[in-house]
Structures are given as structure tokens and as C-alpha cells.
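Chains as they are written, first to last, in the UniProt record's numbering: chain A, 1 to 147; chain B, 1 to 147.
The beta carbon of each residue, even a glycine, is placed where N, CA and C say it ideally should be.
A short write-up of the structure that comes next.
There are 2 protein chains.
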Amino acid sequence: MPRFNLTAIAQTNATGYPAPHAAAVRGRWVRRLGPALGLADFGVSHVTLKPGAASSHRHWHEDEDEFIVMLAGQAVLMEEGCRTLMRAGDMAAFPKGEPNGHQLLNESEADCEFLAFGRVPLGDAHYPDIDLHWSAGCYHHKDGSRY
Amino acid sequence: MPRFNLTAIAQTNATGYPAPHAAAVRGRWVRRLGPALGLADFGVSHVTLKPGAASSHRHWHEDEDEFIVMLAGQAVLMEEGCRTLMRAGDMAAFPKGEPNGHQLLNESEADCEFLAFGRVPLGDAHYPDIDLHWSAGCYHHKDGSRY
């Protein structure tokens with residue numbers, strides 16, 4: 001049956017961020033729905049942010065469109081010089097190549113949930129606030145050295 | 001600002017279905033968010049179904065993954081021999097190539113809203129309940145003749 005039981009899909013708070021930057025997403029619990037449900041054309045993840053957690057560090061992709069829809073609770077969408085409260089039903093789109101780093105922060109005292117859609121990025125991702133850059137499949141310092 | 005105002009995006013109830021089959025989706029009002037927001041990697045549409053309207057005729061795609069999430073109201077997910085009530089927050093996935101035709105029907109007395117994700121299908125779409133088949137970019141009767 002295509003309607004699925006979300007809670008039957010495993011959650012993980014694993015991150016590829018190198019150690020100095022991993023703490024911010026420790027309270028980010030992700031269910032990767034695409035592989036679990038047999039979808040390959042696009043990525044779709046269900047994300048729960050515990051109070052205080054971030055969806056990511058503020059970033060933008062050179063070659064990956066992203067789309068989010070809030071399902072429950074609330075989070076603050078952080079962009080370049082801008083904070084926007086996101087509540088259930090609110091949506092946001094992040095076209096590839098727009099140099100406006102974004103992240104969601106759960107500044108509330110309750111969990112929030114959202115869906116995130118995208119595709120596997122092959123190009124670079126930029127992190128304007130921290131010493132991090134994604135390129136050629138791994139994380140680098142901004143001077144180009146590897147973590 | 002990536003958070004967008006949904007109501008500023010135009011709705012249409014246009015359909016490519018040939019006349020005998022168009023009536024079922026007359027109360028389906030679609031906002032194509034991808035083009036409006038600059039997303040190209042995947043398709044995303046916001047759909048409002050008026051009472052009595054269907055999202056489509058029951059169909060399945062040979063080469064397009066689909067994913068839906070209900071945002072408001074309720075609809076019945078019709079599949080091969082199965083009816084499932086979908087309420088806000090419920091999600092369903094339809095991997096390409098699974099011959100289980102699906103559609104949403106709004107059998108309630110209020111509007112319902114959902115998001116639908118996919119990609120442009122290049123291959124065939126099958127309609128098990130009616131004399132309709134999508135192939136080579138246009139609709140055919142099941143005997144192969146064009147509408």
C-alpha cells in the first residue's frame with residue numbers, strides 16, 4: 001500500500017559533518033524516505049528537529065534544487081540577513097546556484113517536523129558562516145585542505 | 001525570500017485529458033510550483049481538490065516516481081482493490097513501474113489540499129479503469145488510435 005507508516009522507517013542522527021561542526025545537527029533525526037519506499041528520481045527525507053537543533057549549517061548548493069514543507073511545530077528559516085518563522089504548511093524553495101545560504105533552526109521548546117526534497121548534489125556546497133566547503137565528494141576547510 | 005506566498009501563484013484547472021475524461025478533474029486546481037519558484041530538478045505541484053473532484057484518473061507510470069503529502073482536508077486514495085483515507089500529514093509513494101493504478105478522490109464536503117512530486121514522464125502511463133493510454137507524448141485509446 002503506497003500510504004506508508006512513517007514510524008516504521010528508521011531514523012538516524014548521523015552526519016557527515018566533520019567533528020567541529022557536527023554538534024549543531026545532533027538533534028536532527030532523519031528518515032530517508034526515497035530508499036525506503038523505492039523512489040529514485042528525487043530525494044525525500046522526513047526530518048524531526050529536537051529543540052535547539054539545526055537542519056544543517058547555513059549552506060547553498062551549486063547544483064541541487066531543494067524544497068521543504070513544514071509538517072508540524074515551527075522553525076526559523078535562516079537566510080542571508082533574514083529570519084522567517086516557518087509553521088505547519090509553510091513551504092520554501094531553494095533553487096540551485098542562488099548564493100543565499102539557508103538552514104532551519106528549531107528555537108522552540110517542542111519538536112518540529114518537515115519534509116525536504118532534493119537530489120544528490122555532485123557540485124560544490126558553500127557554507128558562508130563556518131570554515132567548511134563541500135567539493136569533489138568531501139568536506140574541506142576554506143583554504144582547500146581536507147578535514 | 002525562499003518562503004513563498006502560495007496564493008500569489010496562479011491556479012489552473014486545465015487538463016490534457018481528452019473530452020470524455022476531462023470532467024473528473026474539473027475541480028482539480030493546480031499550482032505548478034517548480035516553474036514558479038525556479039526549481040528544475042523535480043516537479044512539485046500544490047493541488048486543491050474541490051468536493052467531488054479527482055486528482056487524476058487512476059493510473060500508473062512506467063518511468064516516473066511520484067510522492068504525495070496531504071496538507072489539509074481529506075481524500076480517499078484509490079488503488080487496485082483498495083481504498084485508504086488520507087488526512088493532513090499522510091504521505092504516499094508510487095514508485096515507477098509498479099502496476100498499481102492510483103488516484104485521490106475528494107469524497108468530502110470540503111476542499112482538500114496536497115503536494116505532488118514527480119518528474120516529467122517520458123514513458124507510458126496506464127489507466128486501468130478507462131479507455132485511455134499515454135504513450136509517445138499523447139493520449140490514445142487502448143486500441144492504439146489517437147484521441
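{"Item": "Below 9 Å between beta carbons is the criterion; list the residues of the region 19-41 of chain A that meet it against any residue of chain B, in chain order.", "Value": "L33, G34, A36, L37, G38, L39, A40 and D41"}
{"Item": "For A:G118, which beta-bridge partners are listed by DSSP?", "Value": "A:G43"}
{"Item": "With H, G and I counted as helix, E and B as strand and the rest as coil, what does DSSP make of B:T15?", "Value": "coil"}
{"Item": "Mind pulling the chain A residues with CB within less than 8 Å of B:R119?", "Value": "D41 and F42"}
{"Item": "When the cut-off is 8 Å and only beta carbons count, does B:H102 lie next to chain A?", "Value": "yes"}
{"Item": "For the region 65-85 of chain A, which residues have a beta carbon sitting closer than 8 Å to at least one beta carbon of chain B?", "Value": "D65, F67, V69, L71, A72, L77, E79, C82 and T84"}
{"Item": "Please classify A:S56 as buried or exposed, where buried requires at least 16 neighbouring CB atoms within 10 angstroms.", "Value": "buried"}
{"Item": "Can a CB atom of chain A be found closer than 8 Å to the CB of B:G123?", "Value": "no"}
{"Item": "Report the rounded CA-to-CA distance for A:H126 versus B:L115, giving the unit in angstroms.", "Value": "29 Å"}
{"Item": "Do A:M86 and A:L77 have their C-beta atoms closer together than 8 Å?", "Value": "yes"}
{"Item": "Give me the Cα-Cα distance between B:V47 and A:Y147, rounded to the nearest whole angstrom.", "Value": "44 Å"}
{"Item": "Please state the DSSP three-state secondary structure of B:H59.", "Value": "strand"}
{"Item": "What is the residue span of the beta strand (DSSP E) that B:A92 lies within?", "Value": "M91 to F94"}
{"Item": "Applying the 10 Å Cβ sphere with the 16-neighbour rule, what's the burial state of B:L71?", "Value": "buried"}
{"Item": "Rounded to the nearest angstrom, how far is the Cβ of residue 148 of chain B from that of A:F4, given a contact under 8 Å?", "Value": "Residue coverage of chain B in this structure runs from 1 to 147, which leaves residue 148 of chain B outside it and unanswerable."}
{"Item": "Return helix, strand or coil for B:A36, following the three-state DSSP convention.", "Value": "helix"}
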